[in-house]
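Let me begin by presenting the structure, written as structure tokens, before commenting on it.
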Amino acid sequence: MFIVLAGSPRGGITLTELTPEGVASAPLRLDGAGLLTAVASREPQRPRWVWSDTALWYPALLQAGLRVERSQDLRLAHRILKLAEATKGTALRDAPANAWDGSAVPPGDHANTLFDDGASENGADPIAEFLLQRHTLDDVARTDPAKAARLQLLLAAESCGALIAEEMRFTGMPWRRDVHAATLEEALGPRPQFGGRPAKLEGLADRIRVALDNPALNPDSQPDLLRSLKRAGLPVTGTSKWELRELRHPAIEPLLEFKKGARLLSANGWAWMDAWVQNGRFHPEYVVGGVVTGRWATRGGGALQLPAEVRGAVHADEGWSLVVADAAQLEPRIIAAMSRDEAMAAAGRKRDLYQGLVDAGVVDTRAHAKIAMLGALYGATSGESARLMPRLTRAFPRVIGLVEAAARAGERGEQVSTWLGRSSPLPGDDWAGADAVPSTDAPAADDRRARQAARDWGRFTRNFVAQGTAAEWAMCWMAGLRQRLRALADERGEPHLVLFLHDEVMVHTPAHLADAVTIAVTEAADDAGRLLFGNFPVDFALTVATVSSYDQAK
DNA sequence: AGCTTGAGCGCC
DNA sequence: AAAAGGCGCTCAAGCT
743 MFIVLAGSPR GGITLTELTP EGVASAPLRL DGAGLLTAVA SREPQRPRWV
793 WSDTALWYPA LLQAGLRVER SQDLRLAHRI LKLAEATKGT ALRDAPANAW
843 DGSAVPPGDH ANTLFDDGAS ENGADPIAEF LLQRHTLDDV ARTDPAKAAR
893 LQLLLAAESC GALIAEEMRF TGMPWRRDVH AATLEEALGP RPQFGGRPAK
943 LEGLADRIRV ALDNPALNPD SQPDLLRSLK RAGLPVTGTS KWELRELRHP
993 AIEPLLEFKK GARLLSANGW AWMDAWVQNG RFHPEYVVGG VVTGRWATRG
1043 GGALQLPAEV RGAVHADEGW SLVVADAAQL EPRIIAAMSR DEAMAAAGRK
1093 RDLYQGLVDA GVVDTRAHAK IAMLGALYGA TSGESARLMP RLTRAFPRVI
1143 GLVEAAARAG ERGEQVSTWL GRSSPLPGDD WAGADAVPST DAPAADDRRA
1193 RQAARDWGRF TRNFVAQGTA AEWAMCWMAG LRQRLRALAD ERGEPHLVLF
1243 LHDEVMVHTP AHLADAVTIA VTEAADDAGR LLFGNFPVDF ALTVATVSSY
1293 DQAK
């Protein structure tokens, strides 16, 4: 059963029940309090809640202590269907741009959007949109039922991801301010009272000024620093640490240390802590489907880029543990399954797929295996990685055939799609590509540019199918895990997800349930593999660790 | 004054 | 040693 919510969680809500055949009940008018009662009373029947935007509706429910198991996020679903190769020729695909093409609910504005004034504004009627999406899938199913089923799975997984993202934001990641503050003091010195540089950082700045003989130097200014380095006779083209690392000069050591500290201060310093950590919890905002491939992004907080330095501050509560699991060599396993490459799947049967490549005699060392695989996934054109490619092609023709085909399609300006049917964007207007007609004034240069652009786009589409399908697997993994965690709850608490990082999850759990969580996360990975790839014998190996703080994982 | 851009560096 | 896909975030500089 589907229940469509229209309006906004503050009020002016209409609730409509739909049967699978699309027959609607008489709409129910509700205010904000009525919504909570209605959700609580209907959720035990496990309906799929259909709403415009999870970030708009779900926080109000979570605030009231309610959770839902299943949903359809119409905005996320619309975006997938609108772009999907599979929906070519359907009404949704051909419809002119409308309110559903808009972007996510803006931050801090979760209950004040265009949907606020009622269901029909700008044609943004959730019931009509939901039915259109159903019909679109029906249209696809008429010619290719399997393709439609995959798209449906994708929409469900994406929508479940949106639920999880809001749940994680609401609950937050356990964060020890004292541990974080100690890290900052150790690296930077005491927190400055009235702004300005922390003492240790200023001390390093002084050493750099002396070494470069420039008392006025501001090492935070890239142009200023570059000028000073050149004046000191150093052969530099930029100020990146990779370039500086190679130089021998008294200024280099304090400069590298300064850059490291400055980075920590600006990205995860005291200001960051004040903005994002409250009551022992870090509350990041995830953007589901924020990356074209289907990966998540963040909006503020940078939860997906927590540097190793501060991970010690992610600390389980007293009596609780963190279970950290990451999928080992996920993307190679994904393309093995997609291409039905038995040989690579066999190499991944052991826990370490890279070692599997060595054991199979494809390459001589694990390091080479890794470099070669990255080359296959990213499209290496030079260096060691490119030199190892022929060995991979011989050993795994199906895998390499898959990624090469994706690259060639991109070079021709075509879309490619993930396993479940998310399609790559079409190249932009400035993309001339392989078919570019050379202009008369500078044909050679234009032609070169066009070829380069085509190759660049090919590397993008090559990676898109692997990265995007990996993201789909990960969402299915996490969705299954979420269900299993709920079932583990007892009187001492409920294990819950606190971090999702592309191929890694972290669960905060009562300590006595850590082993059960480890089993759950492993079983959920197996389930996800079967859900996507059926009986194809590919393993999705995990590295799982039970720890008290995040820096202890790995 | 406020916006965009580029450099740089953190993550997968 | 560097290369090759996807990002977010911050600062300073350069622009309007």
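Reminder that position 540 of the first sequence reads as 1282 in the numbering used here, one-by-one numbering, no gaps. Glycine included, every Cβ here is placed at the ideal spot set by N, Cα and C. Values in this document were obtained by computation on a predicted structure and should not be read as measured data.
Rounded C-alpha distance that separates Asn854 from His1025: Confidence at Asn854 is low in this model, with a pLDDT of 41, below 50, so the placement of that residue should be treated as unreliable; the coordinate-derived value is given next. Computed Cα separation, rounded: 21 Å.
Where does the unbroken beta strand (DSSP E) through Glu759 begin, and where does it stop? Residue range Gly753 to Leu760 is occupied by the beta strand (DSSP E) that includes Glu759.
Minimum length 3: unbroken beta strand (DSSP E) runs contained in the segment 980 to 1019: Entirely contained in the segment 980 to 1019, not one beta strand (DSSP E) run reaches 3 residues.
Three-state class that DSSP yields for Asp851 in the structure shown: Because the pLDDT at Asp851 is just 41, under 50, the model does not fix this residue reliably, and the value given afterwards should be weighed accordingly. DSSP places Asp851 in coil when its eight states are reduced to three.
Alpha carbon of Asn1277 to alpha carbon of Thr925, nearest angstrom: Distance between the alpha carbons of Asn1277 and Thr925 is about 48 Å.
If we call anything under 8 Å between Cβ atoms a contact, is Ala1114 one with Val1100? no
Which residues in the same chain as Gly753 place their Cβ atom closer than 7 Å to its Cβ, once the five residues preceding and following it in sequence are excluded? Annotation for Gly753: Asp773 and Gly774 place their beta carbon closer than 7 Å to its own, counting only its chain and skipping 5 residues before and after.
Thinking just about the alpha-carbon of each residue, which of Gln814, Leu803 and Glu928 is nearest to the one in Leu895? Gln814
Limits of the alpha helix (DSSP H) - the one that Gln964 falls within: Gln964 to Arg973
Counting along the chain, where does the alpha helix (DSSP H) carrying Asp773 start and finish? No alpha helix (DSSP H) holds Asp773; DSSP gives it neither H nor E.
Roughly how many angstroms separate the alpha carbons of Ala828 and Ala1213, rounded to a whole number? 19 Å
Burial state of Met743 (16 or more Cβ within 10 Å): exposed
Compare the C-alpha of Ala802 against each of Gly1235, Ala782 and Val1141 and name the closest. Ala782
Please check the pair Pro769 and Thr758, which I expect to be a contact at CB under 8 Å, by giving their CB distance rounded to whole angstroms. Indeed, because the Cβ distance is near 5 Å, the residues count as touching under 8 Å.
Residue range of the beta strand (DSSP E) that includes Gln814: Arg812 to Asp815
Nearest to Leu943 by alpha carbon, out of Glu927, Ala974 and Phe1000? Ranking the options by Cα distance to Leu943, first place goes to Phe1000.
Return the chain-ordered list of same chain residues with a C-beta closer than 7 Å to the C-beta of Pro1279, the five sequence neighbours on each side being excluded. Ala1087
Taking all protein chains shown into account, do 16 or more other C-beta atoms lie within 10 angstroms of the C-beta of Ser1181, making it buried, or fewer, making it exposed? Low confidence applies here, because Ser1181 scores a pLDDT of 49, under 50, leaving its location unreliable; read the following figure in that light. So Ser1181 ends up on the exposed side.
Would you list, in sequence order, the uninterrupted alpha helix (DSSP H) runs of no fewer than 4 residues that lie entirely inside the segment 1089 to 1113? 1095 to 1101
Host beta strand (DSSP E) of His877 (start-end): Not the beta strand (DSSP E): His877 falls in the alpha helix (DSSP H), residues Pro868 to Thr885.
Which class does Phe1275 belong to by DSSP, given the choice of helix, strand or coil? helix
Cutoff 6 Å; reference Gly1042; Cβ partners in own chain excluding five residues on either side: By the criterion of a C-beta distance shorter than 6 Å, Gly1042 is surrounded in its chain by Glu1027, once the five residues flanking it on both sides are discounted.
Can you tell me the Cα-Cα spacing of Pro751 and Leu798, whole angstroms? Those two C-alpha atoms are separated by around 8 Å.
Nearest to Leu777 (by Cα), restricted to the options Trp793, Arg933 and Gly1117: Trp793
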